[in-house]
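FYI, in the working numbering the residues of the sequence shown are 172 to 586.
What follows is a short report on a single structure.
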Amino acid sequence: MNILQIASLLIVLAGAFGAINYLFLKLPSAIGILVVALFASFGVLLTDLIWPQLIIAETMRSVILGIDFSDALLEGMLGLLLFAGALHVKISDLRQQWGVVFLMATIGVGLSTVVFGVGFSWISGMPLLIAFVFGALISPTDPVAVLGVLRAANLRKSLETKIAGESLFNDGVGYVVFLVLVGIAFPTGDHHASGLEGAAILFVQEALGGAILGIVLGWLTFRVMRRIDDHSLEVLLTLGLAFGGYELAVYLHVSAPIMAVCAGLLIGDVGTKHGMSEQTRRYVDAFWQLIDEILNAVLFLLIGFEVFAVAFEADYLVSAVLAIGLALIARLAAVAIPVMLLRPFRDFASDVIPVMTWGGLKGGISVALALSLPDNEWKPLILTCTYVIVIFSIVIQGLTVTRVANRFGREPDLV
Numbered sequence: 172m173n174i175l176q177i178a179s180l181l182i183v184l185a186g187a188f189g190a191i192n193y194l195f196l197k198l199p200s201a202i203g204i205l206v207v208a209l210f211a212s213f214g215v216l217l218t219d220l221i222w223p224q225l226i227i228a229e230t231m232r233s234v235i236l237g238i239d240f241s242d243a244l245l246e247g248m249l250g251l252l253l254f255a256g257a258l259h260v261k262i263s264d265l266r267q268q269w270g271v272v273f274l275m276a277t278i279g280v281g282l283s284t285v286v287f288g289v290g291f292s293w294i295s296g297m298p299l300l301i302a303f304v305f306g307a308l309i310s311p312t313d314p315v316a317v318l319g320v321l322r323a324a325n326l327r328k329s330l331e332t333k334i335a336g337e338s339l340f341n342d343g344v345g346y347v348v349f350l351v352l353v354g355i356a357f358p359t360g361d362h363h364a365s366g367l368e369g370a371a372i373l374f375v376q377e378a379l380g381g382a383i384l385g386i387v388l389g390w391l392t393f394r395v396m397r398r399i400d401d402h403s404l405e406v407l408l409t410l411g412l413a414f415g416g417y418e419l420a421v422y423l424h425v426s427a428p429i430m431a432v433c434a435g436l437l438i439g440d441v442g443t444k445h446g447m448s449e450q451t452r453r454y455v456d457a458f459w460q461l462i463d464e465i466l467n468a469v470l471f472l473l474i475g476f477e478v479f480a481v482a483f484e485a486d487y488l489v490s491a492v493l494a495i496g497l498a499l500i501a502r503l504a505a506v507a508i509p510v511m512l513l514r515p516f517r518d519f520a521s522d523v524i525p526v527m528t529w530g531g532l533k534g535g536i537s538v539a540l541a542l543s544l545p546d547n548e549w550k551p552l553i554l555t556c557t558y559v560i561v562i563f564s565i566v567i568q569g570l571t572v573t574r575v576a577n578r579f580g581r582e583p584d585l586v
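As structure tokens, this is what we get:
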């Protein structure tokens, strides 16, 4: 199948599954599409067990594996999704929460990587360095999943900003940490960090370089948009910034996710205030909201179908169930320790730690990173555990985060 046929098939299925969810399941749109895709996938696998001569599962597996999920997300959809998410997070709101967002997106990711890596190495016997790689890919919260849930959860603004801001930045930081650790653990792979010095240089180059590139490109686009009053052209400029900036970041070997977030924040705040007319703001918001929802639907559909790429062996499933609890413990450490560090300087409502822990959803980025690992004896186990954690996170945590928020009272921030 060529790329147009694949895209057409995914759009048709996303629309059909979305309609099934809307008419029958009535779950939040993206989660509903994922659940319907999972039911369809397991239905195909069951049919194949009953009537193996039909070889439906093998046909589906070949089609799904023919779609490079890792490349499709990391080098295609991710830039648009991050840019769209960042457009709706205001810098003024983020500035008020910058301390907790910064610590959770940096120290928090590191803590989660270490806690999960040490724990999973003990559970499975996996070499510690490879377990750290696993910890790095499972630690970031997925902004696509998180922002999708936040739209329906109706959390107070300050808490929503903490969760959204952290998910946007820890995604980029986690990706850089993953690249660094993969370069150390698999030095013969495609990643070029070797030794601690090389790892440190790579981290600074990726993270800082991505931020600088995003700010520069966002500022240049904003300056051009100030001189134009044509809503269709200005929408096109933002699309070019998201596409072109992401690819330029990949070419320059700096963090493309961080570039997309910084550019989106600048255009969404400074650009909308000082570079767009009211009509253009409406068109830009509507366009990127539509792009966000369509790509969300396709991404969650793909996550549901990736069941065909997972090795469901009994030993793997036991490890996967244990890994769910371990991921929650690691997430708790990533949230609670930064909050404790900041308590002498500011007060926090009592619901911040439980809601941010339970609301830190994993998503397609973790699956994509797991699929991108070099082939080794531990990859099937990592992929299976990652998939189970992601499904649990999106379906169980995603559908209950509002109840958790209500349970802990939705207190106003004491800041």
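We put the beta carbon where it would ideally sit given N, CA and C, even for glycine.
From a predicted model like this one, the values you see are computed outputs, not experimental measurements.
- Within the region 269-347, the complete alpha helix (DSSP H) runs of at least 4 residues fall at 269-276, 278-295, 299-309 and 314-324.
- For Gly214, the three-state secondary structure derived from DSSP is helix.
- Contact between Thr277 and Val347 does not hold, since their C-beta atoms are separated by about 10 Å, which reaches or exceeds 8 Å.
- Linking Trp293 to Ile438 through their CA atoms gives a straight-line distance of about 45 Å.
- Asn173 carries a coil assignment under DSSP once its states are collapsed to helix, strand and coil.
- Counting of Cβ neighbours within 10 angstroms places Arg502 among the buried residues, the total reaching 16 or more.
- Following the DSSP letters along the chain, one finds Gly531 in no alpha helix (DSSP H), marked with neither H nor E.
- Secondary structure at His402: helix, using DSSP grouped into helix, strand and coil.
- For Ser521, the secondary structure class from DSSP, reduced to helix, strand or coil, is coil.
- DSSP places Asp463 within a helical segment (H, G or I) once states are collapsed to three.
- Exposed is the label assigned to Phe195, since fewer than 16 other Cβ atoms lie within 10 Å of its Cβ.
- Taking a cut-off of 8 Å on C-beta distances, the region 405-425 touches the region 248-265, as three or more cross pairs fall below it.
- Nearest in C-alpha terms to Phe374, of all of Val351, Thr573, Asn547 and Pro358, is Val351.
- When DSSP states are grouped into helix, strand and coil, Gly256 belongs to the helix group.
- Short of 7 Å from the beta carbon of Leu512, and not among the five residues preceding or following it, lie these beta carbons of its own chain, in chain order: Leu274.
- Using a C-beta cut-off of 8 Å, the region 299-316 makes contact with the region 530-539, since at least three inter-stretch Cβ pairs fall below that distance.
- Around the beta-carbon of Asn325, fewer than 16 other beta-carbon atoms lie within 10 Å, marking it exposed.
- Excluding its 5 nearest sequence neighbours in each direction, Glu337 has C-beta neighbours in its own chain below 6 Å: Val272, Met275 and Ala276, listed in chain order.
- DSSP places Tyr558 in the uninterrupted alpha helix (DSSP H) bounded by Lys550 to Ile562.
- Straight-line measurement puts the Cα of Thr230 at about 34 Å from the Cα of Ala427.
- In the structure shown, the three-state DSSP call for Glu484 is coil.
- Setting aside the 5 residues that flank it on each side, Gly435 is surrounded in the same chain by Phe254, Ala257 and Leu258, each with a C-beta closer than 6 Å to its C-beta; the list follows chain order.
- With 16 or more other CB atoms across the displayed protein chains lying within 10 angstroms of its CB, Ser200 is buried.
- Contact between the region 524-533 and the region 562-572 is established, with three or more Cβ pairs separated by less than 8 Å.
- DSSP places Leu245 in no alpha helix (DSSP H); its state is neither H nor E.
- Cα atoms of Val207 and Val489: separation of roughly 25 Å, rounded to the nearest angstrom.
- Judged by pairs of C-beta atoms under 8 Å, the region 462-475 does not touch the region 490-497, as fewer than three such pairs exist.
- Between the alpha carbons of Thr571 and Phe393 lies a distance of about 39 Å.
- For Asn547, the secondary structure class from DSSP, reduced to helix, strand or coil, is coil.
- Taking all protein chains in view, the Cβ of Val183 is surrounded by fewer than 16 other Cβ atoms within 10 Å, so the residue is classified as exposed.
- A Cβ-Cβ contact shorter than 9 Å links Phe240 with Glu477.
- Judged by their CB atoms, Ile560 and Ile309 are nearer to each other than the 9 Å cut-off.
- In this structure, Lys328 is the residue among Leu205, Phe213 and Lys328 with its C-alpha nearest to the C-alpha of Ala576.
- Per the coordinates, the alpha-carbon of Ile383 lies some 14 Å from the alpha-carbon of Val421.
- Distance from the CA atom of Leu198 to the CA atom of Gln568, rounded to whole angstroms, is 13 Å.
- When only Cα atoms are considered, Phe479 and Thr284 end up about 27 Å apart.
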